[in-house]
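Working notes, beginning with the structure itself.
There are 2 protein chains.
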Amino acid sequence: MDRRQRKTREAIFNSFTNLLSKKEFNQITVGEIIEGADIGRATFYSHFETKDFLLKEFCEELFCHIFDTEKNSQNEHRHIFECNSSEPIFLHLFKHLQQNDNNILALLSSQNNELFLRYFRINLETLIESHLSLFESKKSDNLPDLFWKNHIISTFMGTLKWWIDNKMKESPEVITEYFFEVL
Amino acid sequence: MDRRQRKTREAIFNSFTNLLSKKEFNQITVGEIIEGADIGRATFYSHFETKDFLLKEFCEELFCHIFDTEKNSQNEHRHIFECNSSEPIFLHLFKHLQQNDNNILALLSSQNNELFLRYFRINLETLIESHLSLFESKKSDNLPDLFWKNHIISTFMGTLKWWIDNKMKESPEVITEYFFEVL
DNA sequence: ATATTAATGAACAATTTGTTCGGTAATGTA
DNA sequence: TACATTACCGAACAAATTGTTCATTAATAT
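Right under this line is the structure:
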């Protein structure tokens, strides 16, 4: 990718983040974005078809990183604990959220959180799917598999929502404990 | 309220519902709404400050009705079953959703479902709050009350989401069973 | 019967969107 | 270094949308 393209894309994302922390997504105009990014109007449209596509790619880059980390750390953790528990993975995820990515959390707790939580959920779904077998023991037999999967995801999202709304006062360890407690 | 006002308001709501079933909220313009409602532009703005206020009042009227029914039926149910179980209330809510209000469900399952689920959640919160004591027995002692409340709400919303996504194939009885099963 | 209030419709400025195009400058490659 | 490619510029553009104004008409409540 051309360095100019990278720089422009970066500038757009930065301006976008900046605006997102101040106002609702719907209220943000392309004019504001390009003003903040200091680029021409035509340039914006040569990068992104619409504002919605910008959001989509933005979220993909944002969450792709954190969930890739989880995926990669998964084997490592299995190694350390030498057990089948899925707890380390979620603990690690909560830790990652609290410590390493204030950027992401600023967005998850912003006025646009529903927007980001939606995208977060999509990524979470993939992660949980690959760990579904680890929850099997807690599942009642009469529940449909897909209902059970949906419930795990909802519970995680609910836990995260509560933690964020609650200013993340609790430690990742405690939150992980709560998460498994209610499951 | 003046009959003309009522009629206009009704016409706006009807046109709005109509459009909501076809496209995303953000894509709907005031022009389309007034065209469908067959009223003048100035008239619309004399009723609603903005499109967002229209949505707000629309949701309030919509969900206010269903949750009021629940609230009123609550005593009745307690009477019939002569027990403290909260199950009848939620069963009744699922039944109400499936049978009596295709209008509401069309919206909850439309492209705008996130929008309506948000408002639904707000109303649900109030309902659950007044029944919190009935869930006490299932709660672990070390969980904060507010976390527990949040989890009940998330679980209900998750159940509802799954049910709607799943075209409501299951009976309200089964869904209620699932709901209490995972709780 | 009358005063009040709501709806009309047309016109209005202001904002925003998405596109076009010739010119300029940075970039990757040979 | 020289060259061809490609991204950016920026100004201008039509089209759509927003939200307001105002004089006129018609329905309503009492």
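Top to bottom, those sequences are chains A and B.
1 is the number of the first residue of the first sequence in the working numbering; add one for each residue after it.
1001 is the number of the first residue of the second sequence in the working numbering; add one for each residue after it.
Glycine is no exception: its CB is placed at the ideal position from the N, C-alpha and C atoms.
In this text, all values refer to a predicted model and were calculated from it rather than measured experimentally.
- Sub-8 Å separation of alanine 37 of chain A and alanine 11 of chain A beta-carbons: yes
- When DSSP labels each residue in this structure, what does asparagine 18 of chain A get in the three-state scheme? helix
- Query: Going along chain A, which residues have a C-beta under 8 Å from glutamate 1181 of chain B?
  - Reply: Ser140, Asn142 and Leu143
- Item | C-alpha gap between glutamate 1032 of chain B and lysine 1051 of chain B, whole angstroms | 12 Å
- For the 8 Å Cβ check, are there 3 or more pairs between the segment 151-168 of chain A and the segment 1141-1158 of chain B? yes
- Message: For glutamate 32 of chain A, would you say it is in contact with chain B, using Cβ-to-Cβ distances shorter than 8 Å as the test?
- Response: no
- Under the three-state DSSP convention, the category glutamate 1125 of chain B falls into: helix
- What residue from B:Ile1122, B:Leu1091, B:Phe1048 and B:Lys1169 has the CA that sits closest to phenylalanine 1179 of chain B's CA? B:Leu1091
- Item | Cutoff 8 Å: phenylalanine 1193 of chain B Cβ touching any chain A Cβ | Residue 1193 of chain B lies beyond the residue range present for chain B, which begins at 1001 and ends at 1183; the question has no answer from this structure.
- Message: In whole angstroms, give me the CA-to-CA distance for phenylalanine 1120 of chain B and leucine 143 of chain A.
- Response: 25 Å
- Check each residue of the segment 149-160 of chain A: if its Cβ is closer than 8 Å to any Cβ of chain B, include it; give the result in chain order. Asn150, His151, Ile153, Ser154, Thr155, Met157, Gly158 and Thr159
- Beta-carbon proximity list for methionine 1023 of chain B, same chain, < 8 Å, skipping 5 on both sides: With the sequence shown as reference, residue 1023 of chain B is identified as lysine, and methionine is not the correct amino acid for it. So the qualifying residues of the chain are Gln1111.
- Alpha-carbon to alpha-carbon, phenylalanine 1063 of chain B and leucine 1124 of chain B: 9 Å
- Message: Determine whether the beta carbon atoms of leucine 97 of chain A and lysine 138 of chain A lie at a separation below 8 Å.
- Response: no
- Message: Would phenylalanine 1044 of chain B and valine 1030 of chain B be called neighbours here (beta carbons separated by less than 8 Å)?
- Response: yes
- Query: Within 7 Å: the Cβ of leucine 1183 of chain B and any heavy atom of the ligand FMN?
  - Reply: Although the ligand FMN was asked about, the structure shown includes no ligands whatsoever.
- Between the segment 1005-1032 of chain B and chain A, which residues of the former have CB atoms less than 8 Å from a CB of the latter, in chain order? Asn1026
- Message: Helix, strand or coil for glutamine 111 of chain A? Go by DSSP, reduced to three states.
- Response: coil
- Since isoleucine 1104 of chain B and isoleucine 1066 of chain B are thought to touch, with beta carbons under 8 Å apart, how far apart are those beta carbons, to the nearest angstrom? 6 Å
- Query: Distance, Cα to Cα, glutamate 129 of chain A vs aspartate 2 of chain A?
  - Reply: 37 Å
- Task: Report, in whole angstroms, the separation of the C-beta atoms of leucine 1127 of chain B and phenylalanine 1116 of chain B, which I expect to be a contact under 8 Å.
- Result: In fact, because the Cβ distance is near 16 Å, the residues do not count as touching under 8 Å.
- Message: My output table needs one value for glycine 1031 of chain B: the three-state DSSP class, helix, strand or coil.
- Response: helix
- Task: Quick one: list the residues of chain A neighbouring phenylalanine 1147 of chain B, beta-carbon separation under 7 Å, in chain order.
- Result: Trp162 and Tyr178
- Message: Using C-beta distances below 6 Å, list every residue in its chain close to isoleucine 1175 of chain B, excluding the 5 sequence neighbours before and after it, in chain order.
- Response: Phe1094 and Trp1163
- glutamate 1136 of chain B CB to nearest chain A CB: under 8 Å? no
- Task: Would you kindly work out how many angstroms separate the C-alpha atoms of glycine 1040 of chain B and isoleucine 1034 of chain B, rounded to a whole number?
- Result: 6 Å
- Task: Could you say which of A:Ser140, A:Glu181 and A:Ala106 lies nearest to lysine 167 of chain A if we only look at CA atoms?
- Result: A:Ala106
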